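Residue numbers (my numbering): 1 to 82.
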C-alpha cells in the first residue's frame, strides 16, 4: 500500500513531473550542445591553421617563381654578355 501511495505523489505525476522531465531533457541536450561547441571551436582552430599554412605556401611559391625568374634573367643576361 505504501508503494502505491509513493508512486502517485504529486512529485511523480502531473505537470510537475512533466516539467522535471523537460528540465532533465534540456540538461541532457545542453551537454550535447557543449560538445558541439567544443567541436566547432576545434574546427575553427584547424581552419585558421590551414589558412595560415596556405599563406606560407603562397609565399613559398612566389619565392620559387622569383628565384626561377632571377635564374632565367641571369641566364639570358649571361648569354648576351658572352
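Each residue gets a CB set at the ideal place from its N, CA and C atoms; glycine is no exception.
Remember, predicted model here, so these are calculated numbers, not experimental data.
For residue 82, which three-state DSSP category applies?
In the chain shown, the residue the question calls residue 82 occupies position 82. DSSP places residue 82 in coil when its eight states are reduced to three.
Taking the straight line between their C-alpha atoms, what separation do you get for residue 24 and residue 62?
To locate residue 24, count along the chain shown from 1; it is residue 24. To locate residue 62, count along the chain shown from 1; it is residue 62. Cα-Cα distance, rounded: 57 Å.
Using the C-alpha atoms, what's the distance from residue 32 back to residue 38?
Within the chain shown, numbered from 1, the residue matching residue 38 stands at position 38. Within the chain shown, numbered from 1, the residue matching residue 32 stands at position 32. Approximately 10 Å, taken between the alpha carbons.
In angstroms with no decimal places, state the Cα-to-Cα distance between residue 47 and residue 57.
Here the question's residue 47 lines up with position 47 in the chain shown. Here the question's residue 57 lines up with position 57 in the chain shown. Using only the alpha carbons, I get a separation of about 15 Å.
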